[in-house]
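First up is the structure itself, then whatever we jot down about it.
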Amino acid sequence: MLTAVQNRKDSHEARPVENKDLVKSKHHRDDEWSVLLEKVANDRCQNSFSRLFDHFAPLIKGFCVSNISGINADNSDELVQEVLLKVWRKAESFDAKKSSASTWIFTVMRNTRIDYLRKHSKHTNNVVDGLEADDIWDETLDHQPFVYLQQSRDAQLARNHLSTLPVEQARCLRKVYLEGKSHSEISQELDLPLGTVKSRVRLGLKKLQAVSMR
Amino acid sequence: MLKNHPSDNTLLEFSAGNLPSAVALCVSTHLSHCPECKNKVSEYNVLGGSFLKNTIKSEPVNFSFDQLMQRIENDQKDAESLLPKELKISKEKVKTAFENTNRVNEKVITKLLKSNEPLTWRKVSKSLHEAVLKTGQSTHEVCFHKIKKGGKVVEHDHKGVEITVVLEGSFSDESGTYKTGDYIEMQPGNIHKPRATQNSDCLCLTVVEAPVKLTGVIGKMVNPFISFRPR
Ligand SMILES: [Zn+2]
């Protein structure tokens with residue numbers, strides 16, 4: 062999953078393994094969900110969308126309920142519906158060469174959640190007037206084709222990789238993504254210096270990269 | 113290639129969606145100039161995707177697939193309005209907003225200008241102009257700064273974390289030169305004396321975090337937003 066960035070030409074030359082992966086990245090992802098999402102994009106296929114719905118709706122809800130402040134079981138269905146609505150509407154911009162379905166849906170969910178919380182919470186600090194999440198978290202900027210390991214191995218690898226991390230590193234990464242916490246919130250919660258949290262996150266990322274390069 | 117980037121921690125928080133919007137705006141502006149960081153964020157998104165994949169499922173109870181499709185049909189009109197709109201702001205207007213500098217390269221800045229036009233520029237000193245934007249929030253101040261070519265900014269401290277992204281031209285301080293696209297984070301206590309390069313004006317996006325409120329006598333003496341302001 063986490064691998065070297067494509068524009069580091071020197072490292073490609075130095076590592077034949079990556080060249081092989083680079084070739085793979087030119088192909089479309091062939092995992093089931095990405096194929097279905099492409100059908101939604103190209104043919105507005107409701108059958109494919111229904112299968113994506115069955116798979117992702119419970120995942121999106123699970124992610125939102127257990128992890129995000131301001132969202133509870135009562136209002137989470139509304140958010141899940143918003144996310145799936147956006148998946149349908151924006152499907153055309155999904156590009157299987159650049160990301161897998163789950164990565165793309167993660168980013169759609171992230172942006173929808175930011176706008177949703179902004180509209181529905183009393184905390185208005187997360188606002189820059191005139192801009193929506195999609196303007197700032199612009200998918201033309203954060204979906205780059207890059208060297209990656211084959212999609213079908215992705216989920217398994219991610220699970221394994223996360224479990225190879227030292228507990229405290231995995232915990233920090235989990236808090237960033239799943240609990241939506243900032244580094245300083247994590248440092249307060251775990252009663253650790255901010256610098257320690259930052260270095261655990263960085264070490265975790267490095268280790269994930271190292272493992273997936275093998 | 114650019115020399116000054118957001119930290120990996122910041123890029124990860126951007127990917128996770130945890131950054132305050134004003135800070136994310138700076139990261140986003142930098143990304144439009146930096147393939148290296150774009151790639152990193154794309155990688156981190158994959159991590160986000162795998163967290164999503166491995167989440168414990170929880171079935172929605174208040175709506176079904178059919179209800180969603182019903183809503184999609186009803187909302188067809190809204191859907192059309194959701195399609196990316198052409199940015200109506202003209203090059204001329206951008207030129208006026210930035211007082212005749214030739215830009216804009218970043219979509220997000222163009223959009224930001226649209227909701228803030230006309231910009232109100234304030235003269236801070238002989239070589240420094242500032243336009244503070246309306247953001248609708250109180251934790252961060254967002255503004256544009258323009259340093260006249262060759263102009264110096266009086267040495268200053270930072271009362272809160274201050275992020276600067278160079279939009280056009282370049283400036284330098286004691287630690288180096290910053291070019292278009294560079295992302296510079298200054299911590300409270302970092303003192304510097306920026307100066308624009310000789311041949312062109314320097315235009316920057318600056319976001320200042322409101323400092324932790326100090327109490328007592330010292331607190332009263334601290335102006336929250338005195339960045340770039342002459343002593
Ligand atoms: Zn960068």
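Protein chains in written order, with the working numbering: chain A, 62 to 275; chain B, 113 to 343.
The beta-carbon is built from N, C-alpha and C at its ideal position, and this holds for glycine as well.
Under a Cβ-count criterion, where at least 16 other Cβ atoms within 10 Å of its own Cβ denotes burial, should N103 (chain A) be classed as buried or exposed?
Within the first sequence, residue 103 (chain A) is the residue found at index 42, counting from 1. Exposed: under 16 other Cβ atoms inside 10 Å.
Going straight from the alpha carbon of L307 (chain B) to that of P230 (chain B), what length do you get?
If you number the second sequence from 1, residue 307 (chain B) lands on position 195. If you number the second sequence from 1, residue 230 (chain B) lands on position 118. Contrary to the premise, residue 307 (chain B) reads as Arg rather than Leu in this sequence. Whole-angstrom Cα-Cα distance: 27 Å.
Pull out every residue of the stretch 104-121 of chain A whose Cβ sits closer than 7 Å to any Cβ of chain B, in chain order.
Q107, S111, F114, A118, P119, L120
Out of B:Q249, B:C255, B:K226, which has the shortest C-alpha to C-alpha gap to G191 (chain A)?
The count along the first sequence starts at 1 and reaches residue 191 (chain A) at position 130. Closest by alpha carbon: B:K226.
Is the beta carbon of D313 (chain B) sitting closer than 7 Å to the one on K235 (chain B)?
Residue numbering aside, residue 313 (chain B) sits at position 201 when the second sequence is read from its first letter. Residue numbering aside, residue 235 (chain B) sits at position 123 when the second sequence is read from its first letter. No, the Cβ-Cβ distance between D313 (chain B) and K235 (chain B) is not below 7 Å.
Write down the C-beta distance between T251 (chain B) and T318 (chain B) rounded to the nearest angstrom, noting that I regard them as a contact closer than 8 Å.
Working through the second sequence from its first residue, we reach residue 251 (chain B) at position 139. Working through the second sequence from its first residue, we reach residue 318 (chain B) at position 206. That belief does not hold up - the Cβ atoms of T251 (chain B) and T318 (chain B) are roughly 15 Å apart, past 8 Å.
First through last residue of the alpha helix (DSSP H) which encompasses E242 (chain B)
Indexing the second sequence from 1 puts residue 242 (chain B) at position 130. Where E242 (chain B) is concerned, there is no enclosing alpha helix (DSSP H), although the beta strand (DSSP E) it sits in stretches over 240-244.
List, in order along the chain, the chain B residues whose C-beta lies closer than 9 Å to that of L226 (chain A)?
Counted from its first residue, the first sequence places residue 226 (chain A) at position 165. Ordered by position in chain B, no residue passes the 9 Å Cβ test against L226 (chain A), which lies about 12 Å from the chain.
Assuming V148 (chain A) and K122 (chain A) are in contact, meaning their beta carbons sit under 8 Å apart, how far apart are those beta carbons, in whole angstroms?
Translated into positions along the first sequence, residue 148 (chain A) becomes position 87. Translated into positions along the first sequence, residue 122 (chain A) becomes position 61. Actually they do not touch by this definition, with Cβ atoms about 14 Å apart.
Reference Q249 (chain B); option with closest CA among B:S119, B:P132, B:N121
Numbered from its first residue, the second sequence carries residue 249 (chain B) at position 137. It is B:P132 whose Cα lies nearest to the Cα of Q249 (chain B).
Looking at C-alpha atoms only, which residue of B:V173, B:T167, B:F177 is the closest neighbour of F114 (chain A)?
Translated into positions along the first sequence, residue 114 (chain A) becomes position 53. The shortest C-alpha separation from F114 (chain A) is found at B:F177.
Can you list the residues of chain D that Q142 (chain A) reaches, using a CB-CB cut of under 7 Å?
In the structure shown, chain D does not exist; the protein chains are A and B.
Using the DSSP secondary-structure output, state which residues sit across from I303 (chain B) in a beta bridge.
In the second sequence, residue 303 (chain B) corresponds to position 191, counting from 1. Answer is none; I303 (chain B) lacks a bridge partner.
Below-7 Å beta-carbon distance, I221 (chain B) vs any chain A residue:
Position 109 of the second sequence, counted from the start, is the residue given in the question as residue 221 (chain B). No, no contact with chain A.
Suppose you measure from the CA of V278 (chain B) to the CA of L264 (chain A); what does that come to, to the nearest Å?
Stepping through the second sequence from its first residue, residue 278 (chain B) is reached at position 166. Stepping through the first sequence from its first residue, residue 264 (chain A) is reached at position 203. Cα-Cα distance, rounded: 30 Å.
First and last residue of the uninterrupted alpha helix (DSSP H) at H244 (chain A)
For the purposes of this step, residue 244 (chain A) is taken as the residue at position 183 of the first sequence. That run of the alpha helix (DSSP H) goes 244-251.
DSSP on M298 (chain B), reduced to helix/strand/coil?
One-based indexing of the second sequence puts residue 298 (chain B) at position 186. Strand at M298 (chain B).
With 7 Å as the threshold, decide whether the Cβ of L84 (chain B) is near any Cβ in chain A.
Any property of residue 84 (chain B) remains undetermined from this structure, which presents chain B solely from 113 to 343.
With 7 Å set as the bound, which would you pick, yes or no: does the beta-carbon of S163 (chain A) sit closer than that to a beta-carbon of chain B?
Residue numbering aside, residue 163 (chain A) sits at position 102 when the first sequence is read from its first letter. It does; some Cβ of chain B falls within 7 Å.
Can you find a C-beta in chain A that's less than 7 Å from the C-beta of I303 (chain B)?
As a first step, residue 303 (chain B) is located in the second sequence; it is residue number 191 there, counting from the start. Output row for I303 (chain B): interface = no.
So if DSSP puts I175 (chain A) in a beta bridge, which residue, or which two residues, is it bridged to?
Counting from one through the first sequence, the residue named residue 175 (chain A) turns up at place 114. DSSP, once it has assigned bridges, lists no residue as partnering I175 (chain A).
Mind pulling the chain A residues with CB within less than 9 Å of T276 (chain B)?
Here residue 276 (chain B) corresponds to residue number 164 of the second sequence, with the count starting at 1. Here the premise fails: no neighbours, minimum Cβ distance about 16 Å.
Closest Cβ-Cβ distance between V135 (chain B) and chain A: below 7 Å?
Reading the second sequence from its first residue, position 23 is the one you call residue 135 (chain B). No, V135 (chain B) does not count as interfacial toward chain A.
7 Å Cβ cutoff, V271 (chain B) in contact with chain A
Stepping through the second sequence from its first residue, residue 271 (chain B) is reached at position 159. The sequence shown places Lys at residue 271 (chain B), not Val. So, not an interface residue.
In three-state terms, what does DSSP make of E148 (chain B)?
Taking the first residue of the second sequence as position 1, residue 148 (chain B) is located at position 36. Residue state, collapsed to three classes: helix.
With a CB to CB cut of under 8 Å and the five nearest residues on each side skipped, what residues in its chain are close to E143 (chain A)?
Looking up residue 143 (chain A) in the first sequence gives position 82. Only T173, Y177 meet the Cβ criterion.
Comparing alpha-carbon positions, which option in A:A152, A:F117, A:F124, A:H116 lies nearest K100 (chain A)?
To locate residue 100 (chain A), count along the first sequence from 1; it is residue 39. Closest by alpha carbon: A:A152.
By Cβ distance, which residues of its chain are closer than 7 Å to N311 (chain B), with the 5 residues on each side in sequence left out?
Within the second sequence, the letter at position 199 stands for residue 311 (chain B). Within the same chain, N311 (chain B) has close Cβ partners K261.
At 8 Å on the CB atoms, spell out the chain B contacts of I166 (chain A), in chain order.
As a working mapping, residue 166 (chain A) is identified with position 105 in the first sequence. Chain B residues near I166 (chain A): G161, L164.
Do E148 (chain B) and ligand 1 come close, with the Cβ less than 6 Å from some heavy atom?
Within the second sequence, residue 148 (chain B) is the residue found at index 36, counting from 1. Yes - ligand 1 has a heavy atom lying nearer than 6 Å to the Cβ of E148 (chain B).
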